[in-house]
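The structure appears right after this line, and notes come after that.
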Amino acid sequence: MAINSEKDLMSKLLIISNRLPLTIEKHGETYTCRQSSGGLVSAIDAFLSQTENDRFNRRIWVGVSEYPEKTWMAAIPSAAGEYEFLPIFTPAKQYDQYYNGFSNSVIWPLFHYFPSFADYTPSFYESYKKVNAKFAEELAKVIDSEDTVWIHDYHLLPLSGMLRKQFPRLTIGFFLHIPFPSYELFRQVPREWQQELLQGMLGADVIGFHTTEYLKHFCNCVSKVLKTPVSNDIIYWQDREICVKAIPIGIDYEKFQEKAADRTVLLKRSEYLRSKQDRKLIFSVDRLDYTKGIFNRLKGYREFLVQNPGYRGKVVFTLVIVPSRDNISKYAERKRMIDEYIGNFNSRFGNISWQPVIYQYGHLTVEELVGMYTACDLALITPIRDGMNLVAKEFIASRRDRQGVLVLSEMAGAAEELTEALLINPNDRLEIARMIRQGLEMSTSEQEARMTAMQEKIRTSDVNNWATSFFHTLDEVKDQQQQRMPKLLDNFAKARLLEDYKAADRKLFLLDYDGTLAPFCADPQLAAPSPEVLQTLAELSADPGNEIYVVSGRDSDTLAKWLGHLRVGLIAEHGLKQRSVDEDWKKRTGIDPGQALAPVQQLMERFTQTCPGSFVECKEASVAWHYRKSDLTLGPIKAAQLHQLIEKQIDASTLSVLQGHKVLEVKAATINKGNAVTAILHGQAYDFLLCAGDDRTDEDMFRQLRGRSDAFTIKIGAEASLAEYNLLTPYLMLELLQRIAVCGASLKQNELSTIK
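Residue numbers (our numbering): 15 to 770.
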C-alpha cells in the first residue's frame, strides 16, 4: 500500500534501502503492483512475523522508485503487501551520478580492494550527498522521534547523520552489506569525504557488519580520521555511545531445505543429472562483477585440467553469470573478456562430444538454481572480495542429502563461519586446482561430516536470527542510553535547590576541583583558580551556615597554595590528607604505599617514552600518569594498555587504579573520596548538601549520598553518573554557586532588615 501521511505516525518501523522491493506491471491501460522477493525482504518478514515484534503497527519501506512519478501514481491504488511504500524521486542524471557514479565507481571498488578502479569525480560525490539529503527530506515528513529506522548499505552512508541532526532521540540502525576496507585503502578517499562519510555512519545507534574484520577496519578508520575514542566495540562520538557489532547475515534455511524437495526442483535436478551423465559437475553462479574472481576461477579450473589430464572429458564446469551494471564500462569490458576467454578455453580443451565449460549469461529461476545446487558435485565460489556471499549458504542449505563439496574463497565474509569448506586464496590458481581435485575425490563420509557441520551453523544463524540479533542489540543500546541519559539541572530543579537552600540551617558543600571549579588545562600546574572562583568561594564561606570542602586528587601543597587563604576545608589526594578551617593538615594513619608504588611508577615512566606528551606525577600516597597533551588517538590506546598491565601487577588489597579525565592514577586502596565524605558526615547533622564532581573518582562521593532527600549531587559533563543531575561545564557550575551566594546574601540582608 502507499504511504498515507494522515495515518497515525507512532510506533513505525522504517526500512530504508536504495531501491524499493516493488514491481509495477502494466496491463493495457492499467497497472498492478506486487512486492518483490529478496534476502532483505525475507529477513525482515521473518523477524516481524514473531509475536514479540507487534510493537510496530506500521511498516514503511523507503527507497528510490525505478518508475516515473506518473507511473507510480497510476499504479499505487492496486498496491498490496505487508509494507507501505514511500518512493524517493530524483532527477535521472543526479541518480546516475549517485548510483553508477559515487556508489559503484568509488565506494564499491574501493571497499572491495580495487582502488585503481575508483573514480573520484567531485560531481559524483555532490550528487551522492544530494540524493541522501533527498531521502532525509522525504523521511522528515513522516518520521516521529519515537520511530525506529533501519538503513541499509553503502548507498546511504551519510543518511544516519542527517536524520540524527533533525531527530536527536530517533532510534537508528545501520547495516553495511559489503566489506569495510582497511585504513590504508580508506584514506585514499579525499579527506573531507572521509570525515563526512564516517560522521554520517556515526549518526546511527548500532552499526552492523558481516564480520569482525570489517568491524575492526571501521573502528580503526574512525579512530584515525575522526580522532575519537573506540573501546570494546563502543565508539564515543559527540556525547553519544555508538555500538558496532559483527552480525553475519544468514538465509532462510528452511525455505531452501523445503525447496530442494519441491517437485519442479526434482525434475530440474533429474534433467541436470542426465545431462552430465557420469561426469563430475562443478557449478558456479555470480553476478557480473570484477570482485567475484570469475577470471581467476576459470584459470584455476584450466590449471586443474592441465595438471590432471585424466579428468578431461570426465568433468564439466557450468558457469552462470547474471547480468549486472552493464552500463558501467568496467562491467561491459569484463563481460567481453570472459566471453573471449571461455571461447578460447573450450576450443583449446574441448572436442565434439565434450566442452569443459558450459556458460550462460542470464538469469536462473529459483527452481533451476536449486536444481543445480542439488545436482552438482562441487560448488566453486571464489570471489576476490565479498561482503558475505549467500550463494555458498544457499548451496549448503539445499543439500538434504548432505553430499557435495564447497570450495570457497577465504576473502568471502562467509568463510569466517564456513570453516569446514575447502578454503582457497582466490589469487592462487594452483591452490584452486588442488582444491578442485581434493573436492572431487573426497569420500562421501567426509562430505557428509563437513556438510552436516556447516548446515548446523547456517541453520542456527539463519536470516531470522540475523534480524533478531540486530534488533535486540538496538533495543539494548537504546535501553542503556535511556538509563544513562543525563538529567540536566534545569530551571525547575535549580529553583527547588535554591528553595531548599533557603530553608536549611546547616549546609554542606563538597566540591571537586579540576573539571568542576576549574576547566582542564594541558598543564595541570596552570589550572589555578580564577578570580571569579575565589570570590564565589569567599562569599559562600562568609555565611556561617555554610561548610565548604574542596575534595580533590591534587596534592596538599598545591591546594594550600591556591585555596589555603579561604575559609574552606581542603581534602587532598582523594582523602589521604584533610585540613579543616583554622586547622593543620591531618593525614590518614596507617597509609604508606610508597614501596608498592615504586614498580608502578617505573612502569608509567616506561610508557611516557612510547607516548609523547604524557608525564608522571608523584604524590605522597599515589602516582598518576597524565596523557592530556598526548595524541588523541595514541593516548587512550596507551592508557588502556597501561591500565591492563597495572591491574596484573598490583595487589588489589593494597593499591587501586583510578581512571580520571585523561589521567590514570594508582593510590592506596583504602583511600577514596567516598570514605573522605563519610568521615565528614560522621556525627554531623546537615539539612542541605550539594556535591559536585566531573570524573570517576567523584562517583564514590555520589554513591555515599544516594538516597538522601536533602542532597543535590551534580555531575559536570554529559556522561552517565550516579549523580542525580548533570551540568555540562564548569562555567555552569560556577554560575550555580554564584546564584547560591547571591541567594545567601539576600537572606542575610532580609534578616538584618527584620532585626532593625
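Here a beta-carbon is modelled for each residue, glycine too, at the ideal position from N, C-alpha and C.
Item, Value
"Contacting residues, own chain, Cβ-Cβ under 6 Å from Thr727 (five flanking each side not counted)", "Cys705, Phe716, Leu719, Ala737 and Glu738"
"Option in Ser367, Ile256 and Tyr345 with minimal Cα separation from Gln291", "Ser367"
"Glu434, buried or exposed, once every other Cβ within 10 Å from all chains shown has been counted against 16", "buried"
"Start-end ranges of the beta strand (DSSP E) lying completely within the region 661-729, minimum 3 residues", "669-674, 677-682 and 702-707"
"With 16 other Cβ atoms within 10 Å as the buried cut-off, status of Gly578", "exposed"
"Three-state secondary structure assigned by DSSP to Val76", "strand"
"In DSSP terms, what Phe128 is bridged to", "DSSP output for Phe128 lists no bridge partner at all."
"Between the CA atoms of Phe223 and Ala93 - distance to the nearest angstrom", "The predicted model places Ala93 with a pLDDT of 49, which falls under 50 and marks its position as unreliable; any figure quoted below should be read in that light. C-alpha separation (whole angstroms): 33 Å."
"Closest by C-alpha distance to Asn479, when choosing among Leu124, Gly559, Ile265 and His191", "Ile265"
"Helix, strand or coil at Ile249 [DSSP, three-state]", "strand"
"Counted within 10 angstroms of its Cβ, other Cβ atoms place Ile769 as buried (16 or more) or exposed", "Low confidence applies here, because Ile769 scores a pLDDT of 49, under 50, leaving its location unreliable and the question unanswered by this model."
"Sequence-distant residues of its chain with Cβ nearer than 8 Å to Tyr315 (five each side left out)", "Ile296, Phe331, Pro370, Val371, Leu394, Ile446, Ala447 and Ile450"
"As assigned by DSSP and simplified to three states, the class of Val565", "strand"
"Contact set for Val244: own chain, Cβ-Cβ below 7 Å, skip 5 residues either direction", "Cys233, Val236 and Ser237"
"Own chain, CB closer than 7 Å to Pro204, minus 5 neighbours either side, in chain order", "Tyr134"
"Whether Lys521 touches Gly559 by CB criterion (8 Å)", "yes"
"Distance CB(Thr379)-CB(Arg413) smaller than 8 Å", "no"
"Assigned secondary structure, Gly418 (DSSP; H/G/I helix, E/B strand, else coil)", "coil"
"Val156 - DSSP class collapsed to helix/strand/coil", "coil"
"Beta-carbon spacing of Leu173, Ala154 below 8 Å", "no"
"Ser628 classed as buried or exposed, judged by whether at least 16 other C-beta atoms fall within 10 angstroms", "buried"
"Residue span of the beta strand (DSSP E) that contains Glu631, given as start and end", "Phe629 to Cys632"
"Proximity test, Gly264 beta-carbon vs the ligand NAD heavy atom, cut-off 7 Å", "Absence of the ligand NAD is noted for the structure shown, with no ligands found whatsoever."
"Residues that Leu437 bridges to, as DSSP identifies them", "Leu422"
"Nearest neighbour of Leu746, chosen from Ile660, Asp504, Leu580 and Glu513 [CA to CA]", "Asp504"
"Cβ-based neighbour list, Leu742, same chain, cut-off 7 Å, excluding 5 preceding and 5 following", "Gly731 and Ala732"
"Nearest-angstrom Cα separation, counted from Lys294 out to Val329", "4 Å"
"Sequence-distant residues of the same chain with beta carbon closer than 8 Å to Leu617, five excluded per side", "Leu656, Leu659, Ile660 and Gln663"
"Inter-residue Cα distance where the pair is Lys259 and Leu703", "43 Å"
"DSSP three-state assignment for Trp480, whether helix, strand or coil", "helix"
"Residues sharing a beta bridge with Ile221, DSSP", "Phe188 and Val258"
"Same chain only: Cβ atoms within 6 Å of Gly758, ignoring 5 sequence neighbours per side", "Asp557"
"Three-way DSSP call (helix, strand, coil) for Leu392 in this model", "strand"
"Separation of Glu470 from Asp476, as counted between CA atoms", "10 Å"
"Beta carbon of Pro397 nearer than 8 Å to that of Lys306", "yes"
"Whole-Å CB distance - Lys591 paired with Lys601, under 8 Å assumed", "5 Å"
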